[in-house]
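K.L.:
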Amino acid sequence: MTTSTTSFPKVRIEEVASFVGQTVTLQGWLYNKRSSGKLHFLQLRDGSGIIQCVVFRGDVAEADFETAGHISQESSIAVTGTVKEDTRSALGFELSVQSITLLGEAKEYPITPKEHGVAFLMDHRHLWLRSSRQHAIIRIRAEIIRAIRDYFDQNGFTLVDAPIFTPNACEGTSNLFETDYFEDKAYLTQSGQLYMEAAAAAFGKAYCFGPTFRAEKSKTRRHLTEFWMVEPEVAFMDLAGDMDLAEDFVCFIVQRVLERRRPELAVLERDIAKLEAIQKPFPRITYDEAIAILNQNEMPVPWGEDFGGDEETVISNQFDRPVLIHRYPREIKAFYMKSDPENPKFALNVDMIAPEGYGEIIGGGQREDDLDTLLAGIQAHNLPMEAFEWYLDVRRYGSFPHAGFGLGVERTVAWLCGLHHVRETIPFPRLMDRLSP
RNA sequence: UCCUCAGUAGCUCAAUGGCAGAGCAUGCGGCUGUUAACCGCAGGGUUGUUGGUUCGAGUCCGACCUGGGGAGCCA
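Quick note: the first sequence uses my numbering, first residue -7, plus one each step.
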């Protein structure tokens, strides 16, 4: 038999439905393998899906049959065969193999089909991403990010990237990562918000989307040291408008994931009904009402204190959709938050708490637009005035009411995927005590 | 930073203070429809480090290291 030079269409597994009856070549990695004497069942993975390739001894060259029987897990292979519909396969299709080529052998792949511990999997995060569960999570994350961009791009916002290096510890609230900057100090950004306020004056509606950094020694399921945040800011919008925007935005994201990522949600065994319940309007309660709920549930919090994870969970469990908590005590919020003119001891801020105990996914509010009030606030917080001169210029030259918020991508992904911990929501998580791979 | 739990084969875990074990993975063999396939055989160990108690320590005690869970801080 002479060597054939015939080549067949190279197809991705997600496309095989339109190649039924045709001979195609698939390229990918061996996910799993089962053998039964004169049959080898190869589960082939190519990033777009998994398909079962059936190698029958009578259909292939003896050397190819031997090869198929000895391919190790995660070796890369090219398989040529005929696409067939078959209800016995999870995908609904199979490949009847005619020839097979081993491209790159995998020796003793560490992640076996059995269970593993979190520490081991995190050490092998670069390989763990190949597994179906992690694959599903990252695809949903990608869809959420695309939805975020689509939402703002389609609603008149301009993308205005904020810097990663910042000259000072802006809000003075959280610990920042310090880095050497040509014999000077720079800090990794904790928020692009102040820059977005300047951008709102230039573009009316602006948003930034990028990584942010917090050097907090937080060891919880809701915290990363490096995470992604999207921050819209809108000129001439008040707190009520801000809440409308946040609500509409979150509904858009949830709908998009339900529309386009059903198979991935199924892999994760996510309760779809809980996501389908995410419809406008979201409940809106004040800080004082939230305190009352906590008192009713025997979890009293002294007035004037912020809520912890447990408190957020109790509040969110009262509702089947995200809850907006607005008007927190002025003292526990950042200096740039505008005070409520009706009652100055409250700030015009809002947090959105996700259902099912996933915690705060949005924080935002209306910004202080009065120059003198802002000057007093900076002094009261003992912040370096010279660092904020540019920020104060936004008030000096045509000040305007404006509001915005920041949405944490990883917490949103964890919520929509139904995950226990945010470390699985980002390809390569950075935690207090994990910097690799 | 604090509390708590754990560390034994590549991985997941067993082992009354008394011979170091199993499943998966790996290698070899068997099976024509397997679904974390199954069956048989084989190789694979400085029990995290260190000091102590004891005739004897994987097991008990101290310190340290690493990791999990939680708290605080934070989003």
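C-beta atoms are modelled at their ideal positions from N, C-alpha and C, and glycine is treated no differently.
1) What are the boundary residues of the alpha helix (DSSP H) that PHE241 is part of?
2) Any idea what DSSP makes of TRP295, helix, strand or coil?
3) Measure the C-alpha to C-alpha separation of ASP332 and GLY300 and round it to an integer number of angstroms.
4) One question on the structure: do GLU223 and GLY184 come within less than 7 Å of each other, judged by their Cβ atoms?
5) In the stretch 135 to 192, which residue ranges form an unbroken alpha helix (DSSP H) of at least 4 residues, counting only runs that do not cross its ends?
6) Can you tell me which of the three DSSP states HIS318 falls into?
7) For LEU257, count neighbouring C-beta atoms within 10 Å of its own C-beta (all shown protein chains included) and say buried if the count is 16 or more, exposed if not.
8) Tell me, please, whether the stretch 339 to 347 touches the stretch 396 to 414 by the rule of three or more beta-carbon pairs shorter than 8 Å.
9) Measuring CA to CA, which of VAL242, VAL46, GLN35 is closest to GLY29?
10) Under the DSSP definition of a beta bridge, which residues are partnered with ILE69?
11) To the nearest angstrom, how far is it from the Cα of THR17 to the Cα of ASP56?
12) What's the call for GLU100, buried or exposed, on a 16-neighbour Cβ count within 10 Å?
13) Let's test the definition: count the other Cβ atoms within 10 Å of the Cβ of THR(-5) and tell me whether it reaches 16, buried, or not, exposed.
14) Whose C-beta lies closer than 8 Å to the C-beta of VAL386 among residues of the same chain, with five residues either side of it excluded?
15) So, helix, strand or coil for PHE311, using DSSP?
16) Name the two residues that bound the continuous alpha helix (DSSP H) containing ALA372.
17) Just the Cα atoms here: how many angstroms apart are ARG117 and PHE420?
18) Our contact map puts ASP372 next to GLY357 with C-beta atoms below 8 Å; I'd like the distance itself, whole angstroms only.
19) Relative to the alpha-carbon of ARG322, which residue among LEU216, ASP280, THR404, ARG26 has its alpha-carbon at the smallest distance?
20) Does DSSP put LYS330 in a helix, in a strand, or in coil?
P.N.:
Concretely, from the data shown:
1) 231 to 252
2) coil
3) 24 Å
4) yes
5) none
6) strand
7) buried
8) yes
9) VAL46
10) GLY20, LEU94
11) 15 Å
12) exposed
13) Unreliable placement is indicated for THR(-5), whose pLDDT of 45 sits below 50; the coordinate value is still reported in the next sentence. Per the 10 Å Cβ criterion, exposed.
14) GLU189, ALA190, ALA193
15) coil
16) 363 to 372
17) 7 Å
18) The sequence as given places Ala at residue 372; Asp does not occur at that position. Contact flag wrong, Cβ pair sits at about 18 Å.
19) ASP280
20) coil
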